[in-house]
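Novice: One structure, as structure tokens, below. Some questions next.
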């Protein structure tokens, strides 16, 4: 991720002393950090630099620490040279999995949410930058990109790879790959949308969100429809989640083999994993981990 710009300013800390705040701009957005200072500092601490200009804040100013414009250009060039490659996030993730010793246990699932960057029949992968139709790509080009991910990395599942109404792209891609293709925005746990997706062979897995359709009964019907047509089913949380653990019980009760409930941090996400541990404890020897059979655990 390239650093586009660095801007420093003098602000004041909680004691009213000047300190430095830095804005760092990347394609991902603005990141900001400010530096605190201690009153009781040990002799082995890193040296705190001040202007020592007695006419400003009794010598405690920070303006001389700002990056000079001429030097800024050198810094910018250095950072670009260091980061002159394409995004390496998948490569780093693959490396981290291998270093942790879990290459045979961890695979990658992607939630693309392509409807968010679908514009005029094409896809803008850099949609957070100022609009430029020249960089839009076709669904075929996007499908090629996905296939390269599958070829080079342990990607086994892709959710919402295309816009929710780009049916032709969904069907072509699903027919061209052996991985799991998950419908979320495409199906919205709605029997009518699921039926069309089944008919068009648009995907092969349903993302099941209970509050997306509105009732548990309708959710069970959607799950049965998907499973009866050979689809996988992934029970999912929502971004605005609570500590309710019902979806953990649901994923076990329906034997779907897949749950999407976020990283194991923050109580509303961990609550589901903790409930799965309790269920496993209660089931004892009857408990079964889907593992590599996550798409069709039964």
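Residue numbers (UniProt numbering): 1 to 298.
In this text, a Cβ means the ideal position worked out from N, Cα and C, and glycines have one as well.
1. Return the chain-ordered list of same chain residues with a C-beta closer than 8 Å to the C-beta of residue 177, the five sequence neighbours on each side being excluded.
2. Taking only runs that begin and end inside the segment 190-260, name each unbroken alpha helix (DSSP H) of 4 or more residues, in chain order.
3. With distances taken Cα to Cα, identify the nearest neighbour of residue 152 among 89, 200, 17.
4. If you run the structure through DSSP and keep just helix, strand and coil, what is residue 150?
5. Please report the distance separating the alpha-carbon of residue 46 from that of residue 14.
6. May I have the straight-line CA-CA distance separating residue 246 from residue 116, to the nearest angstrom?
7. Which of the three DSSP states, helix, strand or coil, is assigned to residue 186?
8. Are the Cβ atoms of residue 233 and residue 227 separated by less than 8 Å?
9. Given this structure, state the Cα-to-Cα distance separating residue 17 from residue 36, to the nearest angstrom.
10. Cα separation between residue 254 and residue 129?
11. What are the start and end residues of the beta strand (DSSP E) that includes residue 102?
12. Using alpha carbons as the reference points, say which of 294, 133, 175 lies closest to residue 198.
13. I'd like to confirm the pairing. Which residues does DSSP put opposite residue 118 in its beta bridges?
14. Hey, would you say residue 188 sits closer than 8 Å to residue 158, going by beta carbons?
15. Residue 256 to residue 218, Cα distance in whole Å?
16. Quick check on the burial criterion: 16 or more other C-beta atoms within 10 angstroms. Buried or exposed for residue 210?
17. Just confirm the distance between the C-beta atoms of residue 171 and residue 200, as a whole number of angstroms; I'd bet it's less than 8 Å.
18. Could you have a look at residue 380 and say whether DSSP puts it in helix, strand or coil?
Specialist: Put simply:
1. Along the chain shown, one-based indexing puts residue 177 at 177. Hits under 8 Å: 146, 147, 150.
2. Listed in chain order, the alpha helix (DSSP H) runs fully inside the segment 190-260 are 191-200, 210-213, 216-228, 246-253, counting runs of at least 4 residues.
3. The sequence position of residue 152 within the chain shown is 152, counting from 1. Checked all of 89, 200, 17; the closest Cα to residue 152 is 89.
4. Numbered from 1 along the chain shown, position 150 holds the residue referred to as residue 150. Three-state DSSP puts residue 150 in a helix.
5. Working through the chain shown from its first residue, we reach residue 46 at position 46. Working through the chain shown from its first residue, we reach residue 14 at position 14. Because residue 46 carries a pLDDT of 49, less than 50, the predicted location of this residue cannot be relied on, and the following value inherits that uncertainty. Taking the straight line from one Cα to the other gives about 20 Å.
6. For the purposes of this step, residue 246 is identified with residue 246 of the chain shown, where counting begins at 1. For the purposes of this step, residue 116 is identified with residue 116 of the chain shown, where counting begins at 1. Going from the Cα of residue 246 to the Cα of residue 116 covers about 29 Å.
7. What you label residue 186 is simply residue 186 of the chain shown in a count that begins at 1. Three-state DSSP puts residue 186 in coil, outside helix and strand.
8. As a first step, residue 233 is located in the chain shown; it is residue number 233 there, counting from the start. As a first step, residue 227 is located in the chain shown; it is residue number 227 there, counting from the start. Cβ distance < 8 Å, so residue 233 and residue 227 count as in contact.
9. Position 17 of the chain shown, counting from 1, holds the residue named residue 17. Position 36 of the chain shown, counting from 1, holds the residue named residue 36. Here the C-alpha atom of residue 17 lies approximately 10 Å from the C-alpha atom of residue 36.
10. Numbered from 1 along the chain shown, position 254 holds the residue referred to as residue 254. Numbered from 1 along the chain shown, position 129 holds the residue referred to as residue 129. For residue 254 and residue 129, the distance between alpha carbons rounds to 42 Å.
11. Here residue 102 corresponds to residue number 102 of the chain shown, with the count starting at 1. Per DSSP, residue 102 lies in no beta strand (DSSP E) segment and is marked neither H nor E.
12. Here the question's residue 198 lines up with position 198 in the chain shown. Nearest option by C-alpha distance: 175.
13. For the purposes of this step, residue 118 is identified with residue 118 of the chain shown, where counting begins at 1. DSSP lists 123 as partners of residue 118.
14. Position 188 of the chain shown holds residue 188. Position 158 of the chain shown holds residue 158. Contact: no.
15. As a working mapping, residue 256 is identified with position 256 in the chain shown. As a working mapping, residue 218 is identified with position 218 in the chain shown. If I take the Cα positions, the gap works out to 16 Å.
16. Within the chain shown, residue 210 is the residue found at index 210, counting from 1. Result: buried.
17. Translated into positions along the chain shown, residue 171 becomes position 171. Translated into positions along the chain shown, residue 200 becomes position 200. Between residue 200 and residue 171 the Cβ distance is about 5 Å, and since that is below 8 Å, they are a contact.
18. The shown model of the chain, from 1 to 298, leaves out residue 380, and the question about it has no answer.
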